[in-house]
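Student: Got a structure here, written out as structure tokens. Questions coming.
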Amino acid sequence: MMKYNRLGKAGVKVSEISFGSWLTFGKQIDIAAARECMKAAFDGGVNFFDNAEVYANGLSESVMGQILKEYRREDLVISTKIFWGGNGPNDKGLSWKHLVEGTKNSLRRLQMDYVDLLFCHRPDPDTPIEETVRAMDHIIKSGLAFYWGTSEWSAQELEEAYQLAEKYNCIPPAMEQPQYNMFHRQRVEEEYAPLYEKYKMGTTIWSPLASGVLTGKYNDGIPEGSRLDQIEWLRDDCITEERIAKVKKLSVIANSLDTSMAKLAIAWCLKNPHVSTVITGASSVKQVNENIDALALKEKLSEDVMKEIEGIL
């Protein structure tokens, strides 16, 4: 049964499992397959759908926007992320100019009047955080988005954003979108720890399967045509002998629980109380359903099982 969590202290509620379009929409799958995946997700209780201006150079937003017209807007929580919008000098980053123009371009592709969540997709060393905070405040107050947040900002950058928002009476960020999985933990578990307590920050975590490594499908090498076969930087970032050895040991635990390695990895993320939602991707209805099935496994991850997993990690 899908659970809906508040996004930190914000009033909006997001499904524990959410659906993201990175690496699939406009690239791996066509609009018919995308429509089927989104319907399966929605039917399974997913209400949060994540996107970004950079995904497939905007095509991902266009595909999702076309499909979402078939749904009641109030039933959906839609996000996009702004940073990489093109090749011009003002088409990227977090300047007031690009944040407003990028948001309007995303809304046009999504065929929406507003997004629920708007993220600054990365920190921008070329723009003062004060300018970004003021611009996001303007965007929220203009009705183009309801909540704003960040993705992969450091705790120090977030602290500065919160303090500037308070100083200038601006709306502060509500959420962060960090990578989080069994192999990528320091930022979510340690670096951000003071921020959960101090600011009640929510998180919409991405890459729960470490780009597929935690499914076990790379245990015996890289299958031809797979994601890591096609994307070299991702392959170099994700696969090491040590990680594969750990996945093989974790697979024994998954088997003992009569489940898959992928479901175990997602359920493990869900056990962290600071995770508001786990963004999952899928290129088939079968994958969508498997991701949602991880909800049932969460309750089976007892303290002893979690200790056993921690011992391997």
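Per our numbering, residue 2 is the first one in the sequence shown, and the count goes up by one each step. Yeah, the Cβ is synthetic: ideal placement off N, Cα and C, and Gly gets one too.
#1: Since C38 is in the alpha helix (DSSP H), which residue starts that stretch and which ends it?
#2: Between G21 and T281, is the Cβ-Cβ spacing less than 8 angstroms?
#3: Between which two residues does the alpha helix (DSSP H) carrying K264 extend?
#4: Quick one: give me the first and last residue of the alpha helix (DSSP H) that G213 is part of.
#5: Can you list, in chain order, the residues of its chain with a C-beta nearer than 6 angstroms to that of D138? Leave out the 5 residues immediately preceding and following it.
#6: Based on the DSSP output, what are the partners of Y148 in its beta bridges?
#7: Who pairs with S19 in a beta bridge, going by DSSP?
#8: Counting only the same chain and skipping the five closest in sequence on each side, list residues whose C-beta sits under 7 angstroms from that of C270.
#9: How long is the line joining the alpha carbons of F43 and T128, rounded to whole angstroms?
#10: I need the boundaries of the beta strand (DSSP E) containing I206, first residue and last residue.
#11: Check for me: the beta strand (DSSP E) holding N292 runs from which residue to which?
#12: On the DSSP bridge assignment, give the partners of F50 in chain order.
#13: List the endpoints of the continuous alpha helix (DSSP H) containing Y56.
#14: State whether the segment 65-73 contacts the segment 33-50, with contact taken as three or more CB pairs (one from each stretch) at a distance under 8 angstroms.
#15: Using C-beta distances below 8 angstroms, list every residue in its chain close to Q67, excluding the 5 sequence neighbours before and after it, in chain order.
#16: In chain order, what residues of the same chain lie with their CB nearer than 6 angstroms to the CB of D238, ignoring the 5 residues before and after it?
#17: Cβ of T81 within 8 angstroms of Cβ of V116?
#18: In the DSSP assignment, the alpha helix (DSSP H) including N256 goes from what residue to what residue?
#19: On a Cα-Cα basis, can you pick out the residue from L108, K93 and L145 that is closest to P124?
Tutor: Well, looking at it:
#1: Run containing C38: I32 to D44, per the alpha helix (DSSP H) assignment.
#2: Between G21 and T281, the gap from beta carbon to beta carbon is short of 8 angstroms.
#3: In the DSSP assignment, K264 falls within the alpha helix (DSSP H) that extends over M262 to L271.
#4: From DSSP, G213 is part of no alpha helix (DSSP H); its letter is neither H nor E.
#5: Excluding residues within five positions, the ones whose Cβ falls inside 6 angstroms are C171 and I172.
#6: In the DSSP output, where bridge partners are listed per residue, Y148 has L118.
#7: DSSP output for S19 lists I280 as bridge partner(s).
#8: Excluding positions up to five away in sequence, the list reads Y181, N182, I206, P209, V276 and V279.
#9: Each residue's alpha carbon lies about 38 angstroms from the other.
#10: Start and end: G203 to I206.
#11: Not the beta strand (DSSP E): N292 falls in the alpha helix (DSSP H), residues V286 to K299.
#12: Looking at the DSSP assignment, F50 forms a beta bridge with F20 and I79.
#13: Looking at the DSSP string, Y56 is not in any alpha helix (DSSP H), and its letter there is neither H nor E.
#14: The segment 65-73 vs the segment 33-50: in contact.
#15: Once the five neighbours on either side are set aside, the close Cβ partners of Q67 are I32 and Q112.
#16: None.
#17: Cβ distance < 8 angstroms, so T81 and V116 count as in contact.
#18: The continuous alpha helix (DSSP H) containing N256 extends over residues E242 to S257.
#19: That would be K93, whose Cα lies nearest to the Cα of P124.
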